Structure formats: structure tokens, C-alpha cells
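Chains as they are written, first to last, in our numbering: chain G, 1 to 121; chain E, 1 to 332; chain V, 1 to 152.
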């Protein structure tokens, strides 16, 4: 029962974030790259302001899987880095926090790019 | 020249036409009218660009075989497509021993090549000219929009670039279908900035050209059996009807759009209909040509429309102007 | 002659077909929610399998898994079909970011591995990296200046 409730929370939070994105696409015709950047910056701001951790506690993966969670990760890394290592940490902290994601994206894009071909539509 | 309209004094006739289309176009309502279709839009080539070139070569080769001519019998080829620097048509023509002029007017390229060819033949120095245009969904998509595999939604206003080639052979020997006059359009910009909304970008240009044509030729809409715009799409052609009514011209049942005819909008998920340089050329050279040859249509006005933009111009905030040229065909 | 025709722009705003709001919103909601639930399932799985791992490592592993799945789906030409249905539902999750990196890589391979595949890999998603890293550095500097506010 508890698990079910958790997944319901994940579904609701993740779904709502995507739904808001869809409203923005429908009404303003912004492209997907702009949506991604906008959400990312929102995540950075909310994390820096200390608000996003409440969303994350409630929504779990629903708050971390959307790109807004990627932004909050970046900000959290920068904050922790700056507090621990000063200037150097401020510069490297964000990158370190998302290193896994960026390395994975580059590596898999490279491999799939080498192997796959665009499909006929 | 009155109202940008030119009358060709000598007879300019269509000797023959050829069309080759992709699988989606062949499944559409006009499927049985095309000369040939391919079932794989890659044609066994390494890239879609190469496939488009292969398609273009086959269409011109087929047209030459059909009419029994050799390369040397053709004085000129006027061709275009939508690729960077019209490299598709240029690379196509290295396979032929025919003089070549490349043209670009976006999706109105076919009309541009017809008008140029007709004028050159009318001038007396040319006997036989081939006009052809090609486009390919997969090459146009990356030329103007996004990578094919990018998972974004097409807006309801978007159109589907036709995969195919249409080629027309014009000459001065008397034939059944004659090009009697044409109206050359102006670049018309009403300030539409959404490059996905091509119908709205091009409808004002289509209206201006159509009005200029009717006035310049002293004809009215009823003179024609069919008035056919290039690729305004369903919403765009509705818009043209409205715009024409503003000027007191009712288009009525005789007005159709190639992009709407080419696909089955409900079943084929093509947005507002077809588009692309091959949209007007493949529909005219198959469906309309055959209907004229069997006498069902006697007078046809073809108005291919083009949206003039590039990825760079749209990113720099330019609006997307339209252009349209009208070519009038009559049964001799 | 180059002035925007305001009357016309108003006309097309009224007459041209609109996005179907409710339908697209519903689709974005349920697909986005489902992708997040898949992410949660992997998180739970990894927490169970690798109990010695910290929360951050599990999250990183989940991200890598989702990216790998997206890369494969993009390679097989499936992700763009999901995207056509889901809209923002498959753009906003990290999988949408992965798709926007993998799709230009696949698309441009024909222009060569170095100048095609690699050079164009971030042609769509590049701004995400640039804004992300830059803003995190700015946040780092803000933290150094206002150390007290962040519990330093």
C-alpha cells in the first residue's frame, strides 16, 4: 500500500511537470530545446532557493527524472562544492554532480550514432 | 506585359511528363496516377540525399525513354529542389549530357522552371526543354527542421514534405496541352513568423498572383475548369478562399490544392497536407496531366506556392514571405 | 511594403487550427508520469540490489539506465514515435534530453564520424549543457559570497 502511494506521488509530480511543459508548448510554440533549458534553469533557481528539496521529498523520481531535477542536481553540486572546497568547488561542483548523466549521454549517443541509421518515415 | 502576366505568342506544348513518388505518396488518393513509385524511400542508397538524387535521375531518364529522345535532343534542363545550394538537382544533372540551369523558389520552383522554359522556347532559340523538381521528406526535414529521430510533436499546422519527382518536357511541336500564359509573382510578406504555418505564409502571395493573373489575362475564375495551388494545405487553402472573398472573388468548387489532393489527411497523419518542391510537380504531371489528356479538364491554372525561409533566417527573427507563380494550361 | 499586416495576423490567429489542449495535456501527463515511475522502479531496484550504495549513486545509476534505454529506442526509431504521441511528456524527462543528443548524432553520421556525428551531437541539446554548467558555476560563486545563508 505504501509503495503504491509512493508511485502515485511519483506519477502525479512527474506528470504535472510534463503537463505544464505541454501547456507552454501549446500556447507559446516554443521548441523542445527551449523547454529543456527553461526547466533546467528553473531547477537551478528552485534548488538554490532551497525549495526544491520539498518537491523531491514528496515526488521522488517524479522530481528527479524530469530535466528540472537535473538542474537541481547541478545547483546542489555547486552549493556543496563551494561549501567544501571554496572557489574550486564552486566551479567543479555542478559538473561533478551531473558527471554520470553527461558521460552516459555522450557515450551512448556516440555508440548508437555509429551503429544506427535514421529510419524511413 | 500587363500585371506581371506574359502571353506566349508561339505555341508551347507539353510533349510528355514523368513522375516518381515515395511509398507514402503512392498510398495516397492519387497513387494510381503516378508513373512509378518506390517502396523504400532510401532506394538502397547510403543517405536520403543520395536517394533523392537517384529518384531525380530515374525520373528524367524515364521521361527520355518514354519519349524516345536521347540526351542530345534536349536543349536545356531547368531543375531545382530544396537541398542546400540546390545540390540535388545539380548532382542529378552530372549524369546527363544536357545543358543545365538550376533554379530555386522553394516549393514554387516548378512554376519558375515552367515559365523560364516557356519564355526561352517562345524566344525562338530553344526547341525542347525539360523542367523538373524533386523533394524528399527526410532531406527537407533536416534541412528546415530537426533530426528525424528527435521526439517532438509536429504542430497541427505543419505539412508533410512530399517525396518524389515530377518532370515535364516542353517543346514547340504541336501537342495536346499548351501553355498559353503565365503570371510571375512578387515576394509577398505579411509578417508571419511561424515557419511551421506555411499555409498562412503563402496564402497572401497566392492571392496576389491569382488576382494579378485574372486582371492581366482579363479572365475570371469560371474560365478555368481547375485552379490548383501548390501546397497551401487544408487550412491554408481555406485561408486563400477567405482572402479572395475579401476582394470579391468566390473560388468555389473549382479550386483545389495539390497538397490536399496528394494525401489522405485523415488517414495518413500529414498535418495540413503535402508540401515541397515535388508536391505541385508530382500532382500536375500525373493526375492533372492525365485528366487533361483524356479531355476531362480543358483549362487549368496551376499556382505553385513557396515559403521563402532558411533555418538561419528564421533563427534571426525574419518573417517568412511567400511567392507564387501562375501557369495557365489549355487543351489545344 | 515590409510592414506586418496586423489584420492578416489577427485573421490567421482566429482561423488556423489550434493544438488540441486537453488531449495533448492528458497525453503529456500520463506518459511523463509513467516515465518517472519507471525511473522510480529502477531506483527501488538498485536500492534493493546494491544496499551499500548511497542515495546519490543510486540516482546516478538510474539516470544512466534511463539514458541508455532512450539511446537504444532512438537508434531503433521508436522514441520519435513516442514523442509524436506524448509531446512534453517525453521531452521534459531526462530521456528527452538524451533523445535530443542521440538523434542528431544518428542523423549526421553520414557526414562522417568527426565532422558529422561528433560535431553535431549537441546541435539541439548544447544549450542545456551550456546553461546548466554556467548557471551552476554562478550558483557556486553566490554560495561563496553569501556563505552564511547556505549553512557554511
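A virtual CB, placed ideally from N, CA and C, is assigned to each residue, including glycine. Given the structure is predicted, the values throughout are model-derived calculations rather than measurements.
Within chain G, 26 have C-beta atoms less than 7 angstroms from the C-beta of residue 19 of chain V, given in sequence order. In this chain, residue 58 of chain G is not harboured by any beta strand (DSSP E); it is covered by the alpha helix (DSSP H) spanning 52-59. In this structure, residue 276 of chain E keeps its C-beta atom at 9 angstroms or more from the C-beta atom of residue 89 of chain E. Between the region 2-18 of chain V and the region 60-70 of chain V there are fewer than three C-beta pairs closer than 8 angstroms, too few to call the two in contact.
Residue state for residue 232 of chain E is assigned as coil, using DSSP reduced to three classes. Nearest CB-CB separation between residue 72 of chain G and chain E: not below the 9 angstroms threshold. Between residue 104 of chain V and chain E, the shortest Cβ-Cβ separation is below 9 angstroms. Restricting attention to G/79, G/112, G/40, G/110, the CA atom closest to the CA of residue 147 of chain V is found in G/79.
The criterion of a C-beta distance shorter than 9 angstroms is satisfied by residue 79 of chain E and residue 131 of chain E.
Counting only unbroken stretches of 3 or more residues, the beta strand (DSSP E) elements lying wholly within the region 90-176 of chain E are 100-102, 128-135, 164-171, in sequence order.
Rounded to the nearest angstrom, the gap between the Cα atoms of residue 83 of chain G and residue 42 of chain G is 22 angstroms. For residue 299 of chain E, the closest of E/23, E/223, E/125 by C-alpha to C-alpha distance is E/223.
For residue 8 of chain V, the enclosing alpha helix (DSSP H) stretches over residues 6-15. DSSP places residue 275 of chain E in the strand class (E or B) of the three-state scheme. Looking at the backbone, the Cα of residue 144 of chain V and that of residue 92 of chain G are separated by about 13 angstroms. As summarised for the region 32-110 of chain G, the continuous alpha helix (DSSP H) elements at least 4 residues long and confined to that stretch are 32-48, 52-59, 61-64, 67-97, given in chain order. What residue 40 of chain E touches in chain G, judged by beta-carbon distance under 8 angstroms, is 120, going in chain order.
Your pair residue 202 of chain E and residue 324 of chain E checks out as a contact, with CB atoms roughly 7 angstroms apart and the cut at 8 angstroms.
Any Cβ of chain E closer than 9 angstroms to the Cβ of residue 10 of chain V would place that residue at the interface, and such an atom is absent.
Listed in chain order, the non-local C-beta contacts of residue 97 of chain G below 7 angstroms within the same chain comprise 73, 74, 76, 77, local neighbours out to five positions each way being set aside. Between residue 51 of chain E and residue 19 of chain E, the C-beta spacing is not below 9 angstroms. For residue 26 of chain V, the uninterrupted alpha helix (DSSP H) segment begins and ends at 21-49. Interface annotation for the region 52-76 of chain G against chain E: empty, criterion Cβ-Cβ distance under 7 angstroms. Contacts with chain V at 9 angstroms (Cβ-Cβ) include residue 83 of chain G. Annotated as proximal: residue 25 of chain V and residue 19 of chain G, with beta-carbon spacing under 9 angstroms.
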